[in-house]
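In order, the protein sequences belong to chains E and Y. For the first sequence, the numbering used here assigns the number 278 to the last residue and increments by one with no breaks. For the second sequence, the numbering used here assigns the number 395 to the last residue and increments by one with no breaks. Note that CB positions come from ideal geometry on N, CA and C, so glycine has one too. Note that the structure is predicted; figures quoted are calculated from it, not measured.
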Amino acid sequence: MSEPRDRHPIITVRGLRNAFGEQVVHDDLDLTVCRGEILGVVGGSGTGKSVLLRSIIGLQTPEAGDVEVLGENMVGRSEDEAKNIRRRWGILFQNGALFSTLTVAENVEVPIREYFPHITPPLLDEIASYKIAMALLPADAGPKYPSELSGGMVKRAGIARALALDPELLFLDEPTSGLDPIAAAGFDELIRSLQKRLGLTVFLITHDLDTLHSICDRVAVLADKKVIGIGTIPELLALDHPWIQEYFNGPRGRSAAQSYEEGAIA
Amino acid sequence: MSQIRRDLPLWAISRINPPRMTEVTDQETDHRGGSVYRVAGALTITRAATTQREIDALHDPLTIDLSDIDRMDTVGAWIVYRTVRDRGAKVIGASRDEVSLLRQVGDFDKPTRVTPDEPHNFFAVLRELGEWVSEAGVTLVGLLGFLGATLIGFANVIRRPRKFRVNAVVQRFDVVGVRALGIIGLMSFLIGVVIAQQGAVQLAQFGAEVYTINLIGRITVRELGVLMTAIMVAGRSGSAFAAQIGTMKITEEIDAMRTIGVSPVEALVIPRMMASVLMMPLLAFWAMLTALLGGGIFVWLDLQIPPLTYIQRLQEVIPLTDLWIALIKAPVFGFIIALAGCFQGMLVQGNSEEVGTRTTNAVVQSIFLVIVLDAVFAVFFSSIGWV
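(1) Could you tell me whether the Cβ atoms of Y:Arg280 and Y:Ala208 are closer together than 8 angstroms?
(2) Given this structure, state the Cα-to-Cα distance separating Y:Val44 from E:Pro187, to the nearest angstrom.
(3) The beta strand (DSSP E) that contains E:Glu80, what's its start and end?
(4) Specify the secondary structure class of Y:Gln11 as computed by DSSP and reduced to three states.
(5) So, with DSSP's three-state summary, where would you put E:Ala235?
(6) Are the CB atoms of Y:Val356 and Y:Val363 within a distance shorter than 8 angstroms?
(7) Can you find a CB in chain E that lies within less than 8 angstroms of the CB of Y:Val113?
(8) Hey, does E:Ile144 have any beta-carbon neighbour from chain Y nearer than 8 angstroms?
(9) Taking 8 angstroms as the cut-off, does the region 140-160 of chain E touch the region 102-117 of chain Y (at least 3 CB pairs, one atom from each stretch)?
(10) For E:Pro193 and E:Ala268, I'd like the C-alpha separation in whole angstroms.
(11) Round the Cβ separation of Y:Thr158 and Y:Val241 to the nearest angstrom and send it over; I've been treating them as touching at under 8 angstroms.
(12) DSSP on Y:Cys350, reduced to helix/strand/coil?
(13) Have a look at E:Ile240, E:Asp39 and E:Val45 and flag the residue whose alpha-carbon is nearest the alpha-carbon of E:Pro74.
(14) So the alpha helix (DSSP H) E:Asn30 belongs to, where does it begin and stop?
(15) State the CB to CB distance for the pair E:Ile227 and E:Arg209, rounded to an integer number of angstroms; the pair is presumed to be in contact (CB under 8 angstroms).
(16) Fully enclosed by the region 250-338 of chain Y, which alpha helix (DSSP H) runs are 4 residues long or longer?
(17) Sort out for me which residues DSSP pairs Y:Ala50 with in a bridge.
(18) By the 10 Å Cβ neighbour count, where 16 or more other Cβ atoms means buried, how is E:Val116 classified, buried or exposed?
(19) Which class does Y:Asn359 belong to by DSSP, given the choice of helix, strand or coil?
(20) Grab me the residues of E:Leu177's own chain with a C-beta within less than 8 angstroms of its C-beta, minus the 5 sequence neighbours each way, in chain order.
(21) In the DSSP assignment, what residue or residues form a beta bridge with Y:Tyr45?
(22) Nearest to Y:Gly153 by alpha carbon, out of Y:Ala348, Y:Ile379, Y:Ser390 and Y:Val378?
(23) With a threshold of 16 other CB atoms inside 10 Å of the CB of E:Glu118, please say whether the residue is buried or exposed.
(24) Establish whether the CB of Y:Pro315 and some CB of chain E are separated by less than 8 angstroms.
(25) Report yes or no: is there a C-beta of chain Y within less than 8 angstroms of the C-beta of E:Glu138?
(26) Straight-line CA distance for Y:Ala238 to E:Ser159?
(27) Thinking C-alpha only, which one of Y:Glu324, Y:Leu311 and Y:Ser284 is nearest Y:Ala338?
(28) Taking a contact to mean a Cβ-Cβ separation below 8 angstroms, would you say Y:Gly49 touches Y:Ile87 in this structure?
(29) Using a Cβ-Cβ cut-off of less than 9 angstroms, give me the residues of the region 348-373 of chain Y that come near chain E, in sequence order.
(30) Spell out a yes or no on whether the region 87-104 of chain Y and the region 118-130 of chain Y are touching, meaning 3 or more CB-CB pairs, one atom from each, closer than 8 angstroms.
(31) When the Cα atoms are used, what is the spatial distance from E:Val45 to Y:Gln352?
(32) At the 8 angstroms Cβ level, is Y:Arg52 part of the contact set with chain E, yes or no?
(33) For E:Glu121, which residues of its own chain have a beta-carbon under 6 angstroms away from its beta-carbon, when the five flanking residues on both sides are left out?
(34) Does any residue of chain Y bring its CB to less than 8 angstroms from the CB of E:Ala117?
(35) Can you check the region 209-255 of chain E for any beta strand (DSSP E) of at least 3 residues that lies completely inside it and give the ranges in chain order?
(36) Beta-carbon within less than 6 angstroms of E:Ser112's beta-carbon, same chain only, minus the 5 sequence neighbours each way: which residues are those?
Below, the structure written as structure tokens:
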């Protein structure tokens with residue numbers, strides 16, 4: 013399977029096993045994410061995409077296996093040790109997970125205040141304000157509370173907060189779900205441009221075929237409790253797995269591929 | 009994208025574009041009387057506070073020399089950018105990547121507001137007072153409306169008994185009533201013991217320990233049994249009503265019910281109200297019994313009054329009207345608790361913080377109203393001769 017040889021792995025998952033009671037979600041799952049790529053993770057409902065994300069970021073302790081992020085082992089670490097790694101990544105949760113009692117700007121400032129309490133308030137406000145602009149939020153979004161935002165704005169605010177500490181690694185859990193196609197396309201573009209500007213590595217869980225075609229460098233497919241394939245979409249199609257075929261060659265998959273090719277030609 | 013403000017001396021960055029080029033040497037700057045800020049290593053968020061402090065300490069005209077840095081992130085770039093913007097500093101020795109990063113953060117320098125508008129002092133107080141008054145008025149009107157909606161709901165259920173949700177009501181009976189038996193029993197038992205103990209100590213000063221039984225009997229049956237039960241039910245079930253209904257409002261379950269044609273009042277409020285109204289007298293009666301039991305055990309052990317004598321004395325000193333008073337008050341208190349809980353739950357809008365606030369409101373309101381009503385009842389029953 014293709015794995016860019018010249019690039020360092022930034023996330024390495026080996027032999028991961030997750031189970032909830034009787035129900036085994038992952039069994040002997042391997043995955044490598046390379047520095048500087050956008051990796052899309054797809055899979056049917058219930059294949060454990062979010063559980064995989066939670067295992068990687070340390071919210072879920074796996075039953076077995078190793079997870080290494082940014083060269084550090086994540087399993088069984090103490091909270092203090094994990095803090096140094098947490099500083100180096102940003103996470104956008106599926107529903108934004110903005111702190112509802114804080115304004116958007118305050119949400120962005122939370123990680124900065126937590127790790128760098130000596131930054132003066134005026135500088136802090138300026139940092140928050142350019143992060144908000146960077147996430148392409150309108151200028152009046154800063155003092156608003158999350159309950160006053162639309163779905164797309166919540167996601168943008170979530171991105172702004174995820175970018176607060178200039179992370180090397182960005183985790184996105186279904187960033188375009190619940191957005192209209194125009195907003196979703198705008199969001200794809202935002203992720204792509206941020207990734208290019210800041211040299212990010214992006215781990216992206218999605219159901220959105222357009223996102224996969226337009227911004228992902230590689231795609232990992234979760235099924236049968238494992239990663240059954242990882243690579244570019246043509247490489248995956250060569251694998252001849254029924255789920256992959258149905259996913260990318262179904263009516264929606266074909267139209268997304270078509271529109272992407274047309275876009276590429278134009 | 010390129011909405012760089014024109015007045016910014018960004019030329020100072022871009023003109024020195026070729027990598028690692030140092031146009032200005034130390035001597036030159038000394039000659040002009042300016043200062044040079046030279047950073048080595050990483051210019052990142054990690055040392056943002058220090059960098060800003062160091063830059064603030066230098067005097068104008070300022071030159072920032074980036075030729076020795078090997079890593080810069082957007083925060084570092086922002087600090088350099090704002091120094092250029094605000095103080096007209098000159099940047100030298102920036103590599104191509106660093107220049108592009110500086111330009112990029114410059115692109116995002118838009119007048120973004122960070123803090124909400126907050127009016128000051130006197131007017132803020134006035135405004136808050138006004139908001140509070142109008143909110144109190146709106147709440148009162150809303151409560152009346154909710155009471156009306158509930159009564160209409162009851163009428164609908166009576167008109168069409170098939171719409172009555174037996175399962176939901178029985179389930180609420182279980183949650184509000186049966187599951188509260190343990191905690192209410194324990195609490196009342198202990199209250200019985202405390203009243204007996206304190207009463208015995210005080211009455212012993214007059215050699216009237218035997219009247220401890222009068223004290224226990226009348227105070228638990230007439231007042232404390234039902235009042236403490238009401239407080240416990242408000243804390244246990246009233247809060248749960250508000251939190252459950254509030255959460256359902258946030259997750260749009262209530263809206264879903266409405267669109268399907270299920271009335272939220274009939275499906276959610278009426279079962280809770282019935283459970284609360286019907287369970288309160290039973291729980292209050294249970295509370296009286298356990299309180300009398302606690303008091304009885306204390307007088308038996310401490311004052312050596314045997315249980316049979318205790319029961320006989322209770323029969324003599326507690327008028328039946330005391331029990332009626334308690335059993336009349338209990339369903340009214342239950343109604344108040346359910347009304348406040350469901351009403352506050354229905355008022356939840358927006359975020360999860362609201363659920364917490366509304367739940368607190370529900371408990372505070374119901375306990376307050378229960379005690380106010382208890383006072384009214386006390387005066388009323390005394391004046392009709394039930395003393």
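Here's the rundown:
(1) Not closer than 8 angstroms, so no.
(2) Whole-angstrom Cα-Cα distance: 44 angstroms.
(3) First-last of the beta strand (DSSP E) with E:Glu80: Ala76 to Val81.
(4) Unreliable positioning characterises Y:Gln11 in this predicted model, as indicated by a pLDDT of 42, which lies under 50. A coordinate reading is not provided.
(5) DSSP places E:Ala235 in the strand class (E or B) of the three-state scheme.
(6) Contact: yes.
(7) Yes, Y:Val113 counts as interfacial toward chain E.
(8) For E:Ile144, the answer is yes, since a Cβ of chain Y falls inside 8 angstroms of its Cβ.
(9) A contact exists between the region 102-117 of chain Y and the region 140-160 of chain E.
(10) The alpha-carbon atoms of E:Pro193 and E:Ala268 are separated by roughly 12 angstroms.
(11) In fact, because the Cβ distance is near 18 angstroms, the residues do not count as touching under 8 angstroms.
(12) Note: Y:Cys350 maps to helix in three-state DSSP.
(13) Comparing Cα-Cα distances from E:Pro74 to each of E:Ile240, E:Asp39 and E:Val45, the minimum goes to E:Asp39.
(14) DSSP places E:Asn30 in no alpha helix (DSSP H) but in the uninterrupted beta strand (DSSP E) bounded by Pro21 to Phe32.
(15) Actually they do not touch by this definition, with Cβ atoms about 14 angstroms apart.
(16) The qualifying runs are 261-268, 278-311 and 315-325.
(17) Y:Ala50 is bridged to Y:Arg79.
(18) Counting Cβ neighbours within 10 Å, E:Val116 comes out buried, since at least 16 surround it.
(19) DSSP places Y:Asn359 in coil when its eight states are reduced to three.
(20) If the five residues before and after E:Leu177 are omitted, its C-beta is found closer than 8 angstroms to the C-beta atoms of Arg99, Arg100, Gly102, Pro123, Ile124 and Tyr127, all from its own chain and listed in chain order.
(21) DSSP lists Y:Ile72 as partners of Y:Tyr45.
(22) Ranking Y:Ala348, Y:Ile379, Y:Ser390 and Y:Val378 by Cα distance to Y:Gly153 puts Y:Ala348 first.
(23) With 16 or more Cβ atoms within 10 Å of its Cβ, E:Glu118 is classed as buried.
(24) So no, Y:Pro315 is outside the interface.
(25) Yes, contact with chain Y.
(26) Y:Ala238 and E:Ser159: Cα-Cα distance of roughly 35 angstroms.
(27) The shortest C-alpha separation from Y:Ala338 is found at Y:Ser284.
(28) The Cβ atoms of Y:Gly49 and Y:Ile87 do not sit closer than 8 angstroms to each other.
(29) If you check each beta-carbon in the region 348-373 of chain Y against every beta-carbon of chain E, the ones closer than 9 angstroms belong to Gln357, Gly358, Asn359, Ser360, Glu361 and Glu362.
(30) Counting Cβ pairs under 8 angstroms, fewer than three are found: no touch.
(31) Counting only the Cα atoms, Y:Gln352 lies some 49 angstroms from E:Val45.
(32) According to the sequence as given, residue 52 of chain Y is Thr; it is not Arg. Under the Cβ criterion of 8 angstroms, Y:Thr52 is counted among the residues facing chain E.
(33) Excluding positions up to five away in sequence, the list reads Leu136 and Ala140.
(34) Against chain Y, the CB of E:Ala117 has a partner CB under 8 angstroms away; the residue lies at that interface.
(35) When DSSP assignments are scanned along the region 209-255 of chain E, the uninterrupted stretches of beta strand (DSSP E) that are 3 or more residues long and fall wholly within it turn out to be 213-217, 230-235 and 238-243.
(36) Counting only residues of its own chain and dropping the five nearest sequence neighbours on each side, E:Ser112 has a CB closer than 6 angstroms to the CB of Pro158.
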